[in-house]
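Novice:
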Amino acid sequence: MDTHIHHVLLSAFFLIFGCRFVSRAADSYTYIVHMDKATMPKAFANHHHWYRATLTSAVEQSSRLTADQASDDAGRDRLVYSYDNVVHGFSAVLSVSELEALKNLPGYVSSMKDLPVKPDTTRTAQYLGLNPGFGAWPASSYGKDVIIGVIDTGIWPESRSFADDGFGAVPSRWKGGCQAGTQFNTSMCNKKLIGAKFFNRGLVAHTANATLSMNSTRDTDGHGTHTSSTAAGSRVPGASYLGYAPGTSRGMAPMARVAMYKALWEIGAYTSDIIAAIDEAIKDGVDVLSMSLGLTGVPLYQDPIAIATFAVVEKGIFVSTSAGNEGPFLASLHNGTPWVLTVAAGTLDRQFHGNVVLGNGVTVAGQSLYLGTNSSMIPIPLVYLGYCNDMQKLRKVGYKVVVCQDVNETMSEQVWNVQYSNVAGGVFISNVSDLEEYMMSSFPATFVNLRDGETIKSYIKKNPKSAKAVLQFEKTSTGSKPAPQVTDYSSRGPSISCPRVLKPDLMAPGALILASWPDNTSVRAVDSKLLYSSFNVISGTSMSCPHASGVAALLVAAHRDWSPAAIRSSMMTTSDILDNTGKPISDMGDSGRTATPLAMGSGQINPNKALDPGLVYDAGARDYTNLLCSLNFTAKQIQTITRAPSHTCPSNPSFQLNYPSFIAYYNGTGALPGPAQEFVRTVTNVGGQRATYTAKITSIDGFEVSVAPNKLAFKARNEKREFKLTIRGPVKDVEYLSFGYLSWVEDSGRHTVRSPIVVTSLRDVEIDNGKI
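Residues -25 to -1, 1 to 747 (mature numbering (1 follows the signal peptide of the UniProt record, and there is no 0)) make up the sequence shown, in order.
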């Protein structure tokens, strides 16, 4: 899966509760077909009838069947979904010849193949500054009555995170419901979990003899339960991951409602099901849509998720998505769509420990999430082996704790060797910063840094025959520094699908996040025994996305009149760029160097500051459509995305989108200085009635950046002011990437509205073709 998840899938369980389906013919494929709704003949009662008739005509013309035969065939086997909101069109199983016939019929706009999609707490609320005394929680009544729709692997309704204690009646605007299915009846919804639906027709059409373990919204994977409880889980005292991270669990918006749309399954997922789920979420009336999934390297006009979310945002619904887990490589992110929030993953200030108590009384704190016996109780002989690459030597050690030294990133090999050598445990010395995949070991193991490793080695050297240690697990600490850091696996920008908009947008906690988990899905295997817990600790941008979704719900509750773009702007321009040591946030995927906006976007999300941003960069459907014109999209491609039968592009379309960040490309081999690039933006005053802001720009190596005017004066709330940012250069030879920030600082000192600026030579070919 495209997610940094560490858990055991219960394959055997999937086979027990099987529901078998008949699949498509081998020479056919599922396509998502876009139609021009304005051309529908008046003879049809609705567009669904028209779609089915059009499909029947295509099959008839291709196969030369009789009309009745074609109708029966198309009606029963070919149509997968007929869409209402996100797409004007349908998905259907078609042969190549049938698709070609369809292209010649009236109303056809475009088509694309149905694509496979991969899915990408006790501390995080407090870590992000959320508290009952002031800020976003009390101002939003904890996200009261905001409805968060989650598209994922389903939900475990019995989890305490979805208890409805203290909730009032379901909002009257809610039009959704609870769909019954395998081991899931309608009574399992309540005032907290107000919607549950599942979608798998597209998957079944793709998969021969498909077997679904749980043909319902019930979660058999854990991913969906985890993400939904992260966004909006109710308060749960006494939560922990089998002893780790003990405390009270709650989501970012604990009083928000949850609606689960299951479109990701243990055997796969396809865009036809996902956009059907999005279509349903719009009809049901969600306020926020959270999607920890995506496609990589697909142009906007061929990306069904990008197309569907355009309709979502057009309806005033906020969309939060994950950046992906393909880092630290540049241009690796997905969901680089201009109208959604794209969220990177960062670390917390929380660590999980496996302590090494030496025989001399000194305790060395290592990192571990081992779930076996929490302590060796009595001292065990300790031996230093250095590079643990000799299995024969390891097997002769016997019941001792071996100390191994990481050499040239050989950690994986050494851990494997120690695990299968029948020793008592392992202590691994390494300077590797990202240890998550090793920490969740199935044998007693802990990981220490080089400095602490020297302490252990010195003790063994002084006591070569009597060195002993006790290993202690299930230890948790907070306040570790530096934090946050960008995780190495978090996908980086620029966006291939839309490189003119800087992505990701911001960063949220995504590393080792504690949240709810299905009771029937194991969290780990230790000594060949499966372990179960109502909470699990997993990592990825799949975890950072719902943090941002929950914060967005708080802002929706506090500012019902704000657009999705205004909410995104408030979250971006108030993000933090410094860690808890007061230094710039660092990047674990770049040897601890300062993180660039291509890794962390605008910075670490700050919910309380986002509540009162001062100024916002607003935008709407027309702004996004004009951007599409500047990308040289054809009229058909623009119609595919916007569903509008016609849109007249300006004669000289501009790349200007009123976005709270800036990215400029220059020719790294051209003459110096390079040409000037200009960006025009408009900000809206959402702070006090009267305010004056002054521009402050951090220096950007090799470039001259200016703003005109450099002061913005507002006399009233909701008043707008325009400015122009100009980038000149390069004026000297520079690295492939430079960055800085434009900050509008209110004269009173109350607000600072910060936007990242990236200048890069990464574009070696024409970026409008979707390449970097």
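Glycine included, each C-beta is placed from N, C-alpha and C at the ideal position. Everything numeric in this text was worked out from a predicted model, so none of it was measured.
1) Excluding five sequence neighbours on each side, which residues of the same chain lie with their C-beta closer than 7 Å to the C-beta of F142?
2) May I ask you to report which of helix, strand or coil DSSP gives P457?
3) Rounding to the nearest angstrom, what Cα-Cα distance links M386 and S405 in this structure?
4) N349 and F510 look like a contact to me (Cβ under 8 Å); what is the Cβ gap, rounded to whole Å?
5) Taking only the alpha-carbon atoms, compute the straight-line gap between Q579 and S538 and give it to the nearest angstrom.
6) Provide the residue(s) that pair with I672 in DSSP beta bridges, ordered along the chain.
7) Rank V376, V287 and T556 by C-alpha distance to the C-alpha of N330 and give the top, closest one.
8) For Y657, which residues of its own chain have a beta-carbon under 6 Å away from its beta-carbon, when the five flanking residues on both sides are left out?
9) Quick one: grab the DSSP three-state call for E35.
10) Thinking S295 and A527 are a contact (beta carbons under 8 Å), I'd like their distance in whole angstroms, please.
11) Determine the closest residue to Q36 out of I7, P132, S70 and N21, with distance taken between C-alpha atoms.
12) Taking V728 as the reference, which of A651, S162, V68 and K584 has the closest Cα?
13) Could you round the C-beta distance between T312 and T338 to whole angstroms and report it? I think they count as a contact, below 8 Å.
14) Considering just the uninterrupted stretch of the beta strand (DSSP E) at P212, what are its terminal residues?
15) Roughly how many angstroms lie between the CA atoms of I292 and S38, to the nearest whole one?
16) Answer with buried or exposed for T161, where buried requires no fewer than 16 other C-beta atoms within 10 angstroms of its C-beta.
17) Comparing C-alpha positions only, which one of L530, V512 and A320 sits nearest to D480?
18) Taking Cβ to Cβ, would you say P635 is nearer than 8 Å to C604?
19) Rounded to whole angstroms, what's the CA-CA distance from I355 to K558? Just pull it up for me.
20) Tell me, to the nearest whole angstrom, how far the beta carbon of A413 is from that of V390; I am working on the premise that it is less than 8 Å.
21) Taking the alpha helix (DSSP H) that Y102 belongs to, which residues open and close that run?
22) Check the DSSP bridge columns for M575 and list the partner residues they point to.
23) Can you check DSSP and say which residues form a bridge with S491?
24) Quick check on D381: buried or exposed, where buried means 16 or more other Cβ atoms within 10 Å of its Cβ?
25) Can you find at least 3 beta carbon pairs, one from the region 182 to 200 and one from the region 230 to 250, that sit closer than 8 Å?
26) Between the region 562 to 569 and the region 616 to 626, do three or more beta carbon pairs fall short of 8 Å?
27) Using 8 Å as the threshold, is the C-beta distance between P303 and D463 below it?
28) Considering only C-alpha positions, which residue in the set M366, P484, T195 and I638 is nearest to P731?
29) Suppose the cutoff is 7 Å on Cβ atoms and the five residues either side in sequence are ignored; what does the same chain contact list for L308 look like?
30) Straight-line CA distance for R27 to H9?
31) Please report the distance separating the alpha-carbon of L536 from that of S85.
32) For E741, which residues of its own chain have a beta-carbon under 6 Å away from its beta-carbon, when the five flanking residues on both sides are left out?
33) So what does Y362 bridge to, in DSSP terms?
34) What do you get for K172, buried or exposed, if any count of 16 or more other CB atoms within 10 angstroms of its CB means buried?
35) Here's a check: name, in chain order, each residue in its chain whose Cβ is nearer than 6 Å to the Cβ of D194, leaving out the five neighbours to either side.
36) Determine the direct distance from the alpha carbon of G108 to that of S224, and round the result to whole angstroms.
Specialist: On the basis of the supplied data:
1) Against the sequence shown, residue 142 aligns to sequence position 167. Within the same chain, F142 has close Cβ partners K166 and K167.
2) Counting from 1 along the sequence shown, the entry for residue 457 is found at position 482. Here P457 sits in coil by DSSP.
3) Within the sequence shown, the letter at position 411 stands for residue 386. Within the sequence shown, the letter at position 430 stands for residue 405. Each residue's Cα considered, the two are about 8 Å apart.
4) Here residue 349 corresponds to residue number 374 of the sequence shown, with the count starting at 1. Here residue 510 corresponds to residue number 535 of the sequence shown, with the count starting at 1. That belief does not hold up - the Cβ atoms of N349 and F510 are roughly 17 Å apart, past 8 Å.
5) Looking up residue 579 in the sequence shown gives position 604. Looking up residue 538 in the sequence shown gives position 563. Roughly 22 Å separates the two Cα atoms.
6) Along the sequence shown, read from residue 1 onward, the residue named residue 672 stands at position 697. According to DSSP, which records beta bridges pairwise, I672 is partnered with L717.
7) Here residue 330 refers to the residue found at position 355 of the sequence shown. Distances from the alpha-carbon of N330 to those of V376, V287 and T556 put V376 closest.
8) Translated into positions along the sequence shown, residue 657 becomes position 682. Correcting the residue type first, residue 657 is Thr in the shown sequence and not Tyr. Hits under 6 Å: N633, K695 and E697.
9) As a first step, residue 35 is located in the sequence shown; it is residue number 60 there, counting from the start. E35: helix per DSSP, three-state reduction.
10) Here the question's residue 295 lines up with position 320 in the sequence shown. Here the question's residue 527 lines up with position 552 in the sequence shown. Rounded, the Cβ-Cβ distance is 6 Å, consistent with contact.
11) The residue given as residue 36 occupies position 61 in the sequence shown. Taking only the C-alpha atoms, the option nearest Q36 is S70.
12) Taking the first residue of the sequence shown as position 1, residue 728 is located at position 753. Selected option, being the one with the closest Cα: K584.
13) Counting from 1 along the sequence shown, the entry for residue 312 is found at position 337. Counting from 1 along the sequence shown, the entry for residue 338 is found at position 363. Rounded, the Cβ-Cβ distance is 49 Å, inconsistent with contact.
14) In the sequence shown, the residue the question calls residue 212 occupies position 237. V211 to Y216 is the span of the beta strand (DSSP E), which, as asked, contains P212.
15) Taking the first residue of the sequence shown as 1, we reach residue 292 at position 317. Taking the first residue of the sequence shown as 1, we reach residue 38 at position 63. I292 and S38: Cα-Cα distance of roughly 43 Å.
16) On the sequence shown, residue 161 is found 186 positions in, with the first residue counted as 1. With fewer than 16 Cβ atoms within 10 Å of its Cβ, T161 is classed as exposed.
17) Within the sequence shown, residue 480 is the residue found at index 505, counting from 1. It is A320 whose Cα lies nearest to the Cα of D480.
18) For the purposes of this step, residue 635 is taken as the residue at position 660 of the sequence shown. For the purposes of this step, residue 604 is taken as the residue at position 629 of the sequence shown. No, these two residues do not count as a Cβ contact at 8 Å.
19) Locating residue 355 in the sequence shown gives position 380, counting from the first residue. Locating residue 558 in the sequence shown gives position 583, counting from the first residue. For I355 and K558, the distance between alpha carbons rounds to 41 Å.
20) By one-based count along the sequence shown, residue 413 stands at place 438. By one-based count along the sequence shown, residue 390 stands at place 415. Note on identity: in this sequence residue 413 is Tyr, with Ala being the wrong assignment. Yes, Y413 and V390 are in contact; Cβ-Cβ is about 6 Å, under 8 Å.
21) What you label residue 102 is simply residue 127 of the sequence shown in a count that begins at 1. Where Y102 is concerned, the enclosing alpha helix (DSSP H) stretches over T99 to Y102.
22) Numbered from 1 along the sequence shown, position 600 holds the residue referred to as residue 575. Per DSSP, M575 has no beta bridge partner at all.
23) Taking the first residue of the sequence shown as position 1, residue 491 is located at position 516. Per DSSP, F510.
24) Taking the sequence shown and counting its residues from 1, the one referred to as residue 381 is at position 406. Answer is buried; the Cβ neighbour count reaches 16.
25) yes
26) no
27) The residue you call residue 303 lines up with position 328 of the sequence shown. The residue you call residue 463 lines up with position 488 of the sequence shown. Contact flag set, yes.
28) Against the sequence shown, residue 731 aligns to sequence position 756. Out of M366, P484, T195 and I638, I638 has the C-alpha closest to the C-alpha of P731.
29) Reading the sequence shown from its first residue, position 333 is the one you call residue 308. Leaving aside the five residues that flank L308 on each side, the residues in its chain whose CB is nearer than 7 Å to its CB run, in chain order, A298, G299, T317, S466, R467, G468, S470, K478 and P479.
30) As a first step, residue 27 is located in the sequence shown; it is residue number 52 there, counting from the start. As a first step, residue 9 is located in the sequence shown; it is residue number 34 there, counting from the start. So the two alpha carbons sit approximately 13 Å from each other.
31) One-based indexing of the sequence shown puts residue 536 at position 561. One-based indexing of the sequence shown puts residue 85 at position 110. The question names Leu, but residue 536 is Asp in the sequence shown. Separation of D536 and S85 (C-alpha to C-alpha, rounded to the nearest whole angstrom) is 35 Å.
32) As a first step, residue 741 is located in the sequence shown; it is residue number 766 there, counting from the start. Only weak support exists for where E741 lies, its pLDDT of 37 falling under 50; the value from the coordinates is given anyway. No residues qualify anywhere along the chain.
33) In the sequence shown, counting from the first residue as 1, residue 362 sits at position 387. Partner(s): none; Y362 has no beta bridge.
34) In the sequence shown, the residue the question calls residue 172 occupies position 197. Burial call: buried.
35) As a position in the sequence shown, residue 194 is number 219, starting the count at 1. T128, G129, I130, W131, T200 and P493, listed in sequence order.
36) By 1-based counting over the sequence shown, the position of residue 224 is 249. By 1-based counting over the sequence shown, the position of residue 108 is 133. Distance between the alpha carbons of S224 and G108: 18 Å.
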